[in-house]
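**Student:**
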Amino acid sequence: MVESYLRTGIVQPSNNSYCLFFNWYEFSLNGISLFVMFWATIERHILIFTRSIYQIRWKFIVFHYLPLSIATLYTPIFYGYVIFIYNCTNNWDYYELLCTSPCFYQNKILGSIDWLMNIIIPAFSIVLVNLILIIRVTCRSVSVRITIQRKKKNRKMTVQLLVVSSLFLIFWLPIAITGLIQQYFSPTFLIDIQFNIFFYLIYLIQLFLPFVCLISLPELKKEIRVKLHKWRRRNLIIDGASLQMATIG
511 MVESYLRTGI VQPSNNSYCL FFNWYEFSLN GISLFVMFWA TIERHILIFT
561 RSIYQIRWKF IVFHYLPLSI ATLYTPIFYG YVIFIYNCTN NWDYYELLCT
611 SPCFYQNKIL GSIDWLMNII IPAFSIVLVN LILIIRVTCR SVSVRITIQR
661 KKKNRKMTVQ LLVVSSLFLI FWLPIAITGL IQQYFSPTFL IDIQFNIFFY
711 LIYLIQLFLP FVCLISLPEL KKEIRVKLHK WRRRNLIIDG ASLQMATIG
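Using our numbering, read the sequence shown as starting at 511 and increasing by one per residue.
#1: Does DSSP put Val637 in a helix, a strand or coil?
#2: Using only the alpha-carbon positions, how far apart do Tyr615 and Ile687 sit?
#3: Identify which residue in Glu553, Pro586, Thr518 has its Cα closest to the Cα of Val639.
#4: Quick test of your reading: Phe548 and Pro632, contact by CB under 8 Å. State the CB separation rounded to the nearest angstrom.
#5: Which residues mark the beginning and the end of the alpha helix (DSSP H) in which Tyr605 is found?
#6: Helix, strand or coil for Gly519, going by three-state DSSP, please let me know.
#7: In the DSSP assignment, find the alpha helix (DSSP H) that holds Phe588 and state where it starts and stops.
#8: Give the DSSP-derived three-state secondary structure of Thr560 in the structure shown.
#9: Are the segment 595-611 and the segment 558-567 touching by the rule of at least three beta carbon pairs closer than 8 Å?
#10: Pull up the distance between the alpha-carbon of Glu536 and that of Ser611, whole angstroms please.
#11: State the Cα-Cα distance for the pair Trp741 and Tyr528, rounded to the nearest angstrom.
#12: Any contact of the segment 581-593 with the segment 676-683, i.e. 3+ C-beta pairs under 8 Å?
#13: Of the choices Ile645, Val673, Ile542, whose alpha-carbon is the least far from that of Ile558?
#14: Can you say whether Cys609 is buried or exposed, counting buried as having 16 or more other CB atoms within 10 angstroms of its CB?
#15: Given a cut-off of 8 Å, decide if Gln692 and Ser622 are closer than it, judged by their beta-carbon atoms.
#16: Should Val592 go down as buried or exposed, given a rule of 16 or more other Cβ atoms within 10 Å for buried?
#17: Could you compute how far the alpha carbon of Val521 sits from the alpha carbon of Val512?
#18: What's the call for Val736, buried or exposed, on a 16-neighbour Cβ count within 10 Å?
#19: Relative to the C-alpha of Leu544, which candidate in Asn526, Pro523, Trp534, Met627 has its C-alpha closest?
#20: At what residues does the alpha helix (DSSP H) containing Leu700 begin and finish?
#21: Nearest by alpha-carbon distance to Ile703: which of Tyr589, Ile642, Ser514, Leu607 is it?
#22: Could you give the DSSP three-state label for Pro612: helix, strand or coil?
#23: In three-state terms, what does DSSP make of Tyr694?
#24: Got a sec: is the Cβ-Cβ distance from Leu679 to anything in chain B below 8 Å?
#25: Among Ser676, Ile556, Phe705, Ser538, which residue has its Cα nearest to the Cα of Val843?
#26: Let me know if Gly541 comes out buried or exposed under the rule of 16 or more other beta-carbons within 10 Å of its beta-carbon.
Structure (structure tokens):
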């Protein structure tokens, strides 16, 4: 849907039903990614410091499957209500991404709940929880004697967490700040920049995050090195053969 808009410069089909679905779909996916990542950062604490609770089946269900289910279902249900059911009049602009904002933002209570509860709190909680984990791991490394291998793993995890935190902070901060200012002070504050730049920054998180996670896997790094080595050797052999044929000719 976003690709179609970027290609044509207009939301197609240009009608109310599609714009409602477009907003619900995009808002729901962004919310799911935030809440799932938020719980994943909390669960990382559990896996590192209190892993034994997952050996009990009901605790595993309560602390793993239940939060993930809530994180997956909450935002589609919330946005399903405020976009499809809440009674207000949308003024769509089909030449703007998402047809501009849905009309529930005109209600300051609903708009504040969305910006604070669904975006700002989970986004910045991801950063905070990751930083707390780094501090906890560092303190434990200092107080408890650990192996060199464990130190290397902790260092890799620290770098990964810092990068993940930076991604969410850098790419969510601009739209979060402008959204709050629009909600409480000026509805048109940087609205063109918000739709033309800040909304697209969110997609960069999904673009970079898999690479951040994959690079931290040692077996993947080893496989990449092996493939690069084979690729270089094959190119050297091909270049050598080509040079030899050119010399003979």
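Just so it is clear, CB atoms sit at the ideal spot from N, CA and C, and this is done for glycine as well. Values in this document were obtained by computation on a predicted structure and should not be read as measured data.
**Tutor:** A quick look at the data gives this:
#1: As a first step, residue 637 must be located in the sequence shown, where it is residue number 127. Here Val637 sits in helix by DSSP.
#2: The sequence position of residue 615 within the sequence shown is 105, counting from 1. The sequence position of residue 687 within the sequence shown is 177, counting from 1. One C-alpha to the other measures close to 15 Å.
#3: Here residue 639 refers to the residue found at position 129 when the sequence shown is read from its first residue. The candidate whose alpha carbon is nearest that of Val639 is Glu553.
#4: Within the sequence shown, residue 548 is the residue found at index 38, counting from 1. Within the sequence shown, residue 632 is the residue found at index 122, counting from 1. With a Cβ gap of about 4 Å, Phe548 and Pro632 count as contacting.
#5: What you label residue 605 is simply residue 95 of the sequence shown in a count that begins at 1. Counting along the chain, Tyr605 falls outside any alpha helix (DSSP H), and DSSP gives it neither H nor E.
#6: Residue numbering aside, residue 519 sits at position 9 when the sequence shown is read from its first letter. Residue state, collapsed to three classes: coil.
#7: Translated into the one-based positions of the sequence shown, residue 588 becomes position 78. Note, Phe588: alpha helix (DSSP H), 576-589.
#8: Within the sequence shown, numbered from 1, the residue matching residue 560 stands at position 50. Reduced to three states, the DSSP call for Thr560 is coil.
#9: no
#10: Here residue 536 refers to the residue found at position 26 of the sequence shown. Here residue 611 refers to the residue found at position 101 of the sequence shown. About 12 Å.
#11: Taking the sequence shown and counting its residues from 1, one reaches residue 741 at position 231. Taking the sequence shown and counting its residues from 1, one reaches residue 528 at position 18. If you take the alpha carbons of Trp741 and Tyr528, they lie about 47 Å apart.
#12: no
#13: In the sequence shown, residue 558 corresponds to position 48, counting from 1. It is Ile645.
#14: Counting from 1 along the sequence shown, the entry for residue 609 is found at position 99. That one is buried.
#15: Position 112 of the sequence shown holds residue 622. Position 182 of the sequence shown holds residue 692. Taking 8 Å as the Cβ cut-off, Ser622 and Gln692 do not qualify as a contacting pair.
#16: Locating residue 592 in the sequence shown gives position 82, counting from the first residue. The residue in question, Val592, is buried, as its Cβ has 16 or more Cβ neighbours within 10 Å.
#17: In the sequence shown, residue 521 corresponds to position 11, counting from 1. In the sequence shown, residue 512 corresponds to position 2, counting from 1. Going from the Cα of Val521 to the Cα of Val512 covers about 8 Å.
#18: The residue you call residue 736 lines up with position 226 of the sequence shown. It counts as exposed.
#19: Here residue 544 refers to the residue found at position 34 of the sequence shown. Per the Cα distances, Met627.
#20: Your numbering for residue 700 matches position 190 in the sequence shown. Here Leu700 belongs to no alpha helix (DSSP H), and DSSP marks it neither H nor E.
#21: Here residue 703 refers to the residue found at position 193 when the sequence shown is read from its first residue. Nearest C-alpha to Ile703: Leu607.
#22: On the sequence shown, residue 612 is found 102 positions in, with the first residue counted as 1. Correct three-state label for Pro612: coil.
#23: Here residue 694 is taken as the residue at index 184 of the sequence shown, counted from 1. Tyr694: helix per DSSP, three-state reduction.
#24: In the displayed structure, chain B is absent; only one protein chain is listed.
#25: It is not possible to answer for residue 843, since the shown part of the chain is limited to 511 through 759.
#26: Locating residue 541 in the sequence shown gives position 31, where the first residue counts as 1. Buried, since its Cβ has 16 or more Cβ neighbours within 10 Å.
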